[in-house]
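Engineer: Residue 1 is where the sequence shown starts when you use full-length UniProt numbering, and the numbers rise one by one after that.
Starting off with a structure, shown below.
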Amino acid sequence: AANERPLCTEECVHGRCVSPETCQCEPGWGALDCSSGCENDFWGPHCSNKCQCRNGAKCNPITGACVCTDGFQGWRCEEPCDTGLFGKDCLLECQCLNGATCHHQTGECVCAPGYTGAFCEEPCPPGKHGPQCEQRCPCQNGGTCHHVTGECSCPAGWVGPVCAQPCPFGSFGINCSQECTCRNGGLCDHISGQCQCTAGYIGERCQDECPVGTYGPQCAHKCDCQNGAKCYHINGACLCNDGFKGPSCEDRFCPAGQYGLLCDKYCPCRMENTLSCHPLSGECSCAAGWTGLFCNETCPAGYHGEGCRDICSCTNGADCDGVTGACLCAPGYLGDDCSISCPPGLYGINCTSPCSCRHEIACSHLDGFCFCREGWQGVDCSIPCSSGTWGLSCNQTCQCANGAACDPANGTCTCSAGWRDEYCDVSCPDGSYGLDCGERCDCVNADGCDPVTGLCRCLAGWTGVHCDSVCPDGRWGPNCSYSCTCENGGSCSLEDGTCVCPPGYRGTNCRRVCPTGKFGKACAEACLCTNNSTCNPIDGSCQCYPGWIGTDCSRPCPRGSWGPDCIHTCNCHNGAQCSATDGDCSCSPGWTGRYCTQRMSQKHTHTHTHTPKNKTHRWCLSTVFAGTTLHLFPTISKFGTADKTPRSEPDRSSPR
């Protein structure tokens, strides 16, 4: 009952009272009055169940479900995220590269050996390798190590685990894989394979002996052997010819002036021109500038020195002194070997003559001949090219058109007013005129302007200096030079003179009225008039036939009226019908007379239409258009009397 005391003294906050002082708590709540939430690791009614969650996960106090911390999954949060995933609910994908693993909680990359960087995207820097790139490379002599394994890659010429050993003798290059090709005892560089030759040899592979006259390492020493003795290419020792002796073979066996095995013969040489006489054969060795069997002939052209064995080094046709080899230069040249041309402005022997050219490119250093600049001619280049020619020797023909000037030097055209392009054969583009087409046309309604004078070429319908004035009435065409031929108020097009006809007219000159049944502008509207009415060709208004009214003449005159626009009142009596066309009375039976006022005798009692003789109709058509004859009624002339008695019609009115 409402007045009963509650079973529980304290209110069950999150539960219900089930027996005196006993609360049944909702899941997730505890304490006597169900007012306290479950503590960690407990859940359910009265917090009586222990949570099974691991790795720091919290459990739902109501259902006991585990809420995993970042990086864990499973119904008890006992499993880390699968490989490649991390974070809350293991929903985030790892971004690590090169085989790196990802921390299941933070997503931080744990790089594989040989890689570094936030995402392990970079290999170890040079000189480092291994996990976290913390190990130093052991490679020597420029070797590089693999960023993962630390294995050394040796440069050319080195081998071994740390590249510390040079290539074995006879090999060189990367991995010592190439075989040395040095000859004659030459040593091979273990890196490049270049040969280091022993004394007396040269060449890429030490294959050549020293050139004659040299010996020793790199053939750097000059031999000192005389009298034709040969020099040993290794140590420079002299091998004397017969008849000579001494370390350098400088001594003769025979006294001066004598020769032979017993030194009993006298030398035949001209002694003043002779260096020596061979001690065995008596052969003469001539002094500089002399040759011949007995040294009695001067050197031939182009040779000099002892025995004339040396070739002159002179150029450009110069002669050579047979003794000294000094050059005697030809006109136009200077220098020890006559290889230098005269300076500009000078020519001749020893370059002593001044040139006399004007407007020249150059003066011949040989004879002073003038090479004229473009645009000049004559012996001294003082005469300009004649009109129409240009270039070197004035041998080019000008291509300039339309009165353009031609530059005598390069043939460039200087265009006259109104022309442009390379040969002045293209007129100024629209909108420009004058020299170099540099002026702008000042025209408004024009097809450009004259390219020479700039005068405006007015479009049809315009006139004035700037083509800014419209043609006056009655004129058309360019500069308004034509007269209009339109009639009946028609206007003509300013461009081509075409007539624009007013409503009601047509034709080339607007002379023709619209055809029957048409009206308006260009006679394009169809007339709506009926009952033989005529249509105004201008506005389409209907002029009704007598007896009809309305905008389209479709309504007959009201009863009791007749004539044009139904303006007349019928004067028929005694029930007679009145013709809406001409007002004639159609008498009722028994009546006759013009207005049916006379009673008929019994024998003439029939409907009779009375048409008075010589009756004149009081209406007419105001216009007959385009030669069209309008037949209004077969029994009535246009302006006269009836020429035939109209057909009688019975009275269609109601009987009286």
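Think of the CB as a built atom: it goes at the ideal place given N, C-alpha and C, for glycine as much as any other residue.
Please determine, among Trp290, Lys245, Asn296 and Pro300, the residue with the shortest C-alpha to C-alpha distance to His278.
Structural biologist: In the sequence shown, the residue the question calls residue 278 occupies position 278. With distances taken between Cα atoms, His278 lies closest to Lys245.
Engineer: To the nearest angstrom, how far is the alpha carbon of Trp158 from that of Gln226?
Structural biologist: Here the question's residue 158 lines up with position 158 in the sequence shown. Here the question's residue 226 lines up with position 226 in the sequence shown. Roughly 49 Å between the two C-alpha positions.
Engineer: So the beta strand (DSSP E) Thr315 belongs to, where does it begin and stop?
Structural biologist: The count along the sequence shown starts at 1 and reaches residue 315 at position 315. Careful: Thr315 lies outside any beta strand (DSSP E) and carries neither H nor E.
Engineer: Do Cys437 and Tyr423 have their C-beta atoms closer together than 8 Å?
Structural biologist: Looking up residue 437 in the sequence shown gives position 437. Looking up residue 423 in the sequence shown gives position 423. Contact flag unset, no.
Engineer: Mind checking which residues open and close the beta strand (DSSP E) that includes Asp447?
Structural biologist: For this step, residue 447 is matched to residue 447 along the sequence shown. Asp447 -> beta strand (DSSP E) spans Ala446 to Cys449.
Engineer: Tell me the DSSP bridge mates of Arg555?
Structural biologist: Walking along the sequence shown from the start, residue 555 turns up at place 555. Bridge partners of Arg555: Ile549.
Engineer: Here's a check: name, in chain order, each residue in its chain whose Cβ is nearer than 7 Å to the Cβ of Thr485, leaving out the five neighbours to either side.
Structural biologist: Residue 485 sits at position 485 when you count from the first residue of the sequence shown. Cβ within range, chain order: Asn509.
Engineer: Leaving out the 5 sequence neighbours to the left and right, which residues in its chain are closer than 7 Å to Cys51 when beta-carbon positions are compared?
Structural biologist: Walking along the sequence shown from the start, residue 51 turns up at place 51. Taken in chain order, the residues that qualify are Asp41, Phe42, Trp43, Cys59 and Gly64.
Engineer: Which word fits Gly185, buried or exposed, when buried means at least 16 other C-beta atoms lie within 10 angstroms of its C-beta?
Structural biologist: Along the sequence shown, one-based indexing puts residue 185 at 185. Burial call: exposed.
Engineer: Take Pro20 and list the residues in its own chain whose beta-carbon comes closer than 8 Å to its own, dropping the five residues that flank it on each side.
Structural biologist: Numbered from 1 along the sequence shown, position 20 holds the residue referred to as residue 20. Cβ within range, chain order: Leu7 and Cys8.
Engineer: What separation, rounded to the nearest whole angstrom, lies between the Cα atoms of Pro344 and Thr352?
Structural biologist: Working through the sequence shown from its first residue, we reach residue 344 at position 344. Working through the sequence shown from its first residue, we reach residue 352 at position 352. Those two C-alpha atoms are separated by around 12 Å.
Engineer: Spell out a yes or no on whether the segment 485-500 and the segment 523-530 are touching, meaning 3 or more CB-CB pairs, one atom from each, closer than 8 Å.
Structural biologist: Not touching, per the Cβ criterion.
Engineer: Classify Gly256 as buried or exposed, calling it buried when 16 or more other Cβ atoms lie within 10 Å of its own Cβ.
Structural biologist: Within the sequence shown, residue 256 is the residue found at index 256, counting from 1. A small fix is needed here, since residue 256 is Ala in this sequence, not Gly. Exposed, since its Cβ has fewer than 16 Cβ neighbours within 10 Å.
Engineer: So what's Ser622 in DSSP terms, helix, strand or just coil?
Structural biologist: What you label residue 622 is simply residue 622 of the sequence shown in a count that begins at 1. Below a pLDDT of 50, predicted positions are generally treated as unreliable, and Ser622, at 36, falls in that range; the measurement from the model is reported next regardless. Reduced to three states, the DSSP call for Ser622 is coil.
Engineer: Which residue or residues does DSSP assign as beta-bridge partners of Arg512?
Structural biologist: For the purposes of this step, residue 512 is identified with residue 512 of the sequence shown, where counting begins at 1. Partner(s): Arg506.
Engineer: Rounding to the nearest angstrom, what Cα-Cα distance links Thr22 and Pro45 in this structure?
Structural biologist: Counted from its first residue, the sequence shown places residue 22 at position 22. Counted from its first residue, the sequence shown places residue 45 at position 45. When rounded, the distance between both Cα atoms is 13 Å.
Engineer: Can you tell me which residues form a DSSP beta bridge with His147?
Structural biologist: One-based indexing of the sequence shown puts residue 147 at position 147. Looking at the DSSP assignment, His147 forms no beta bridge with any residue, so it has no partner.
Engineer: Just to confirm before moving on: does the CB-CB distance between Asp442 and His466 stay below 8 Å?
Structural biologist: Translated into the one-based positions of the sequence shown, residue 442 becomes position 442. Translated into the one-based positions of the sequence shown, residue 466 becomes position 466. In contact: Asp442 and His466 (Cβ atoms closer than 8 Å).
Engineer: Enumerate in chain order the residues of its own chain whose CB-to-CB distance from His365 is below 6 Å, with the five nearest sequence positions on each side excluded.
Structural biologist: Residue numbering aside, residue 365 sits at position 365 when the sequence shown is read from its first letter. Once the five neighbours on either side are set aside, the close Cβ partners of His365 are Gly332, Ser341, Cys342 and Tyr347.
Engineer: For the putative contact between Cys120 and Cys111, defined by C-beta atoms under 8 Å, what is the C-beta separation to the nearest angstrom?
Structural biologist: To locate residue 120, count along the sequence shown from 1; it is residue 120. To locate residue 111, count along the sequence shown from 1; it is residue 111. Going by Cβ atoms, the distance from Cys120 to Cys111 rounds to 4 Å, so yes, they are a contact pair.
Engineer: For the beta strand (DSSP E) that contains Cys17, what are its first and last residues?
Structural biologist: For the purposes of this step, residue 17 is taken as the residue at position 17 of the sequence shown. Unbroken beta strand (DSSP E) run through Cys17: Gly15 to Ser19.
Engineer: Counting along the chain, where does the beta strand (DSSP E) carrying Glu360 start and finish?
Structural biologist: Residue mapping note: residue 360 aligns to position 360 of the sequence shown, counting from 1. Glu360 -> beta strand (DSSP E) spans Glu360 to Cys363.
Engineer: Please list, in chain order, all residues of the same chain as Ser427 whose beta carbon is under 7 Å from its beta carbon, the five residues on each side excluded.
Structural biologist: Within the sequence shown, the letter at position 427 stands for residue 427. For Ser427, where only same-chain residues beyond five positions count, the Cβ hits under 7 Å are Gly418, Trp419 and Pro451.
Engineer: Among the candidates Asn98, Gln105 and Gly99, whose CA atom is the shortest distance from the CA of Leu91?
Structural biologist: Residue numbering aside, residue 91 sits at position 91 when the sequence shown is read from its first letter. Per the Cα distances, Gln105.
Engineer: Any chance you could list the beta strand (DSSP E) runs of at least 3 consecutive residues sitting entirely within the segment 370-410, in chain order?
Structural biologist: Counting whole runs of 3 or more residues, the segment 370-410 contains the beta strand (DSSP E) stretches 370-372.
Engineer: I need the DSSP call for Asp425, collapsed to helix, strand or coil.
Structural biologist: Locating residue 425 in the sequence shown gives position 425, where the first residue counts as 1. Three-state result, Asp425: coil.
Engineer: Consult DSSP for residue 682 and reduce its assignment to one of helix, strand or coil.
Structural biologist: With the chain covering 1 to 656 only, the question about residue 682 has no answer from this structure.
Engineer: Can you name the start and end residues of the beta strand (DSSP E) that Leu275 belongs to?
Structural biologist: Here residue 275 corresponds to residue number 275 of the sequence shown, with the count starting at 1. Element bounds for Leu275: Thr274 to Cys277.
Engineer: Consult DSSP for Cys578 and reduce its assignment to one of helix, strand or coil.
Structural biologist: Residue numbering aside, residue 578 sits at position 578 when the sequence shown is read from its first letter. Three-state result, Cys578: strand.
Engineer: Between which two residues does the beta strand (DSSP E) holding Arg457 run?
Structural biologist: The residue labelled residue 457 in the question sits at position 457 within the sequence shown. Start and end: Cys456 to Cys458.
Engineer: Using the C-alpha atoms, what's the distance from Cys219 back to Ser276?
Structural biologist: The count along the sequence shown starts at 1 and reaches residue 276 at position 276. The count along the sequence shown starts at 1 and reaches residue 219 at position 219. Looking at the two C-alpha atoms, the distance is approximately 30 Å.
Engineer: Using only CA atoms, which one of Ile311, Cys529, Cys295 and Phe294 lies nearest to Gly302?
Structural biologist: Here residue 302 corresponds to residue number 302 of the sequence shown, with the count starting at 1. When each option's Cα is compared against that of Gly302, the closest is Ile311.
Engineer: Go ahead and pull the three-state DSSP assignment for Ile202.
Structural biologist: Reading the sequence shown from its first residue, position 202 is the one you call residue 202. It is a strand residue.
Engineer: Smallest Cα separation from Thr581: which of His573, Asn574 and Ile567?
Structural biologist: Stepping through the sequence shown from its first residue, residue 581 is reached at position 581. Selected option, being the one with the closest Cα: Ile567.
Engineer: Given that a residue counts as buried once 16 or more other Cβ atoms are within 10 Å of its Cβ, and exposed if not, what is Val18?
Structural biologist: Taking the sequence shown and counting its residues from 1, the one referred to as residue 18 is at position 18. Burial call: exposed.
Engineer: DSSP has Val67 in a bridge; who is on the other side?
Structural biologist: Along the sequence shown, one-based indexing puts residue 67 at 67. Lys58, per the DSSP bridge assignment.
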